[in-house]
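Residue 62 in the working numbering sits at position 43 of the sequence shown; the count goes up by one each step and never skips. Ideal placement from N, C-alpha and C gives every residue a C-beta, glycine not left out. What you are looking at is a predicted structure, and each value in this text was computed from that prediction instead of being measured.
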Amino acid sequence: MFEILAAAGTGAAAAPPAWLNWLPIVGMVVIFWFLIIRPQMKRQKEHQEKVSSLKKGDQVVTQGGLVGKVVKVEDDFVHIDLAKDVRVKAVKHTIGDIIPPGGTPAND
Numbered sequence: 020m021f022e023i024l025a026a027a028g029t030g031a032a033a034a035p036p037a038w039l040n041w042l043p044i045v046g047m048v049v050i051f052w053f054l055i056i057r058p059q060m061k062r063q064k065e066h067q068e069k070v071s072s073l074k075k076g077d078q079v080v081t082q083g084g085l086v087g088k089v090v091k092v093e094d095d096f097v098h099i100d101l102a103k104d105v106r107v108k109a110v111k112h113t114i115g116d117i118i119p120p121g122g123t124p125a126n127d
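This is the structure we're talking about:
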């Protein structure tokens, strides 16, 4: 009688398939992709498009919080007029945002 119970117990304790162990990890990767990585890549692409479309006369905000008007655009640098007789040379990719026309004037 004990032999029958022992044989029945070993069949019930079979291990789950190996792919089932990887399912939670794959699920977390998919969640991270759609909630974190993909939106960040989209924001980065939008920022690169903004920076590449900079032109003279645009009002910008740097990532450091300085607000000014673009005076000259070079390949990697932008010259920004912060106030009367105050001009700063900034790396192009440190531009945080472009203020749309009709926004708060930077130098007035």
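query: Per the contact definition of three or more C-beta pairs closer than 8 Å, is the segment 31–49 in contact with the segment 81–100?; result: no
query: Would you mind reading off the limits of the beta strand (DSSP E) that contains LEU101?; result: 96–102
query: Within this structure, are the beta carbons of HIS112 and ARG106 separated by less than 8 Å?; result: no
query: In chain order, what are the residue ranges of uninterrupted beta strand (DSSP E) at least 3 long that sit wholly in the segment 60–115?; result: 78–81, 86–92, 96–102, 105–110
query: Rounded to the nearest angstrom, how far is the Cβ of ILE118 from that of VAL80, given a contact under 8 Å?; result: 6 Å
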